[in-house]
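Notes follow the structure.
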Amino acid sequence: MERNETETALGSILGLHLPTDPLWAQMAKGALHHILTDHAYCEQKAAVSCISMIQRYSDRENLVLKLAPVVTEEWGHFRMVLAELQKRGLPLGRQRKDEYVNALTEFSTKGGKEEDRLLDQLLLMALIEARSCERFKVLSESLEEEYLRKFYRRFMESEAGHYV
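Going by numbering that gives the first Met the number 0, the sequence shown opens with residue 0, and the numbers climb by one from there.
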């Protein structure tokens, strides 16, 4: 399967209509510190989002039981990325505004039924996981350092597991 066919297949599986711009991978190669910092904060936000949902929907036992292990896994990912930054002598840095997530939240239901807000939140989280999975795939195929390619391949596999 050629690269474009693979990208199309992954996009179809993940439900993404557009792939990440190939220029993003080129920019990422030259901005590894920023990629790792952003990645760390994304993992942290994923864990916090799950914790918030557990608190908000504590009466939904099935949801709580599904989210609890995700919290542990996402926090573990945060620690892995933090360790990678430390290994490279790079500071965590400041969290930057996430324009992608902020744009997605504009489409969320405001007010209305609790069920609709829950569904919107779950769909939003799924889209974020899908895009993360796709970008980790791009990094796993484009970074020059073998260790980092494998590092991001493992994250891609994990994110795919959250999405499905």
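Where a beta carbon is used, it is the ideal one built from N, C-alpha and C, also for glycine.
How should residue i be labelled, buried or exposed, when 16 other C-beta atoms within 10 angstroms of its C-beta is the threshold for buried?
{"i": "Tyr-151", "result": "buried"}
{"i": "Leu-142", "result": "buried"}
{"i": "Gln-54", "result": "exposed"}
Just to confirm my understanding: we take residue i, look at its own chain, exclude 5 residues before and 5 after, and list those with CB closer than 6 Å. What are they?
{"i": "Cys-172", "result": "Residue numbering for the chain in the displayed model covers 0 to 163; residue 172 lies beyond these limits and cannot be assessed."}
{"i": "His-32", "result": "Leu-89"}
{"i": "Arg-116", "result": "Thr-108"}
Given a cut-off of 8 Å on the beta-carbon distance, is the pair residue i and residue j in contact?
{"i": "Tyr-56", "j": "Leu-62", "result": "yes"}
{"i": "Glu-73", "j": "Ala-46", "result": "yes"}
{"i": "Leu-123", "j": "Thr-104", "result": "yes"}
{"i": "Ala-30", "j": "Leu-138", "result": "no"}
{"i": "Arg-130", "j": "Leu-17", "result": "no"}
Below 8 Å CB to CB, which residues in the same chain sit around residue i once its five sequence neighbours on both sides are set aside?
{"i": "Gly-92", "result": "His-32, His-33 and Thr-36"}
{"i": "Phe-135", "result": "Tyr-151, Arg-152, Phe-154, Met-155 and Glu-158"}
Inset, instruction - Would you check if the stretch 15-28 and the stretch 73-80 touch, i.e. whether three or more CB-CB distances between them fall below 8 Å? - result: no
Inset, instruction - List in chain order: all unbroken alpha helix (DSSP H) runs of 4+ residues lying wholly within the stretch 45-86. - result: 60-86
Inset, instruction - Run through the stretch 113-163 for me and flag every whole alpha helix (DSSP H) of 4 or more residues, listed as ranges in chain order. - result: 113-141 and 145-162
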